[in-house]
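The structure appears right after this line, and notes come after that.
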Amino acid sequence: MTTDVLSRFADLPRDAEGKVTLSDEEWRARLSPEEYRILRESGTEMRGTGPLTNHDAPGDYHCAGCGLHLYSSEHKFHSGCGWPAFDDEVPNAITRIEDRSHGMLRTEIRCRGCDGHLGHVFVGEHLTEKNVRHCVNSASIVFAPKA
Ligand SMILES: [Zn+2]
Numbered sequence: 012m013t014t015d016v017l018s019r020f021a022d023l024p025r026d027a028e029g030k031v032t033l034s035d036e037e038w039r040a041r042l043s044p045e046e047y048r049i050l051r052e053s054g055t056e057m058r059g060t061g062p063l064t065n066h067d068a069p070g071d072y073h074c075a076g077c078g079l080h081l082y083s084s085e086h087k088f089h090s091g092c093g094w095p096a097f098d099d100e101v102p103n104a105i106t107r108i109e110d111r112s113h114g115m116l117r118t119e120i121r122c123r124g125c126d127g128h129l130g131h132v133f134v135g136e137h138l139t140e141k142n143v144r145h146c147v148n149s150a151s152i153v154f155a156p157k158a
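Listed below in structure tokens is the structure:
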């Protein structure tokens, strides 16, 4: 049920724009250690281990930190990369940040609702018609099936 998956976000304090700003301690109390490591410390889950990588059911993907709707199942595709992949996004849900860590130039993607780390976005791989791949950690998102 959609309401069950998203009920954990109902009590989050939000500002006038609906954004969630918590202290590190508050995030630690709310998130699992793996979610905290990925969302708040820009970690990456081990390739091929995320439960949503090959997940195909119709529904919506929400931020695991604040519940913001980020992707829909129509955006999801099988990239073979070992993480959930999307070739489109919900408008105004995701911010892009230049990431020069690990000696690479990549574009980090974050949730606009809580600034939580989602993964990286890659353009020009020609994997789908839209030519975009959002490479997202399973731990950064929760799935709400279509009612
Ligand atoms: Zn969020």
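Residue numbers (this note's numbering): 12 to 158.
Note that CB positions come from ideal geometry on N, CA and C, so glycine has one too.
| query | result |
| --- | --- |
| Touching by the beta-carbon criterion (3+ pairs, under 8 Å), the stretch 82-93 and the stretch 38-46 | no |
| Neighbouring residues (CB closer than 5 Å to any heavy atom of ligand 1) | CYS74, GLY76, CYS77, LEU79, CYS122, GLY124, CYS125 and GLY127 |
| Nearest-angstrom Cα separation, counted from PHE20 out to ARG78 | Here residue 78 is Gly; the residue named in the question, Arg, does not match the sequence. Using only the alpha carbons, I get a separation of about 6 Å. |
| Any beta strand (DSSP E) of 3 or more consecutive residues that is wholly inside the stretch 103-140 | 105-110, 117-122 and 128-134 |
| Per-residue DSSP class, three states only, for SER83 | strand |
| Range of the contiguous beta strand (DSSP E) that encloses ARG144 | 143-147 |
| Which listed residue (GLY114, ASP110, CYS122 and MET115) has its alpha carbon closest to that of ASN103 | CYS122 |
| Under 9 Å between C-beta atoms of HIS128 and CYS146 | no |
| Proximity to GLU52 [Cα-Cα], best of ARG58, ASP67, ASP35 and THR60 | ASP35 |
| Segment limits, beta strand (DSSP E) that includes ALA155 | 152-156 |
| Residue of THR139, VAL16 and GLY124 minimising C-alpha distance to ASP71 | VAL16 |
| SER84 and PRO69 closer than 9 Å at C-beta | yes |
| Backbone CA spacing between THR106 and ILE120 [nearest angstrom] | 6 Å |
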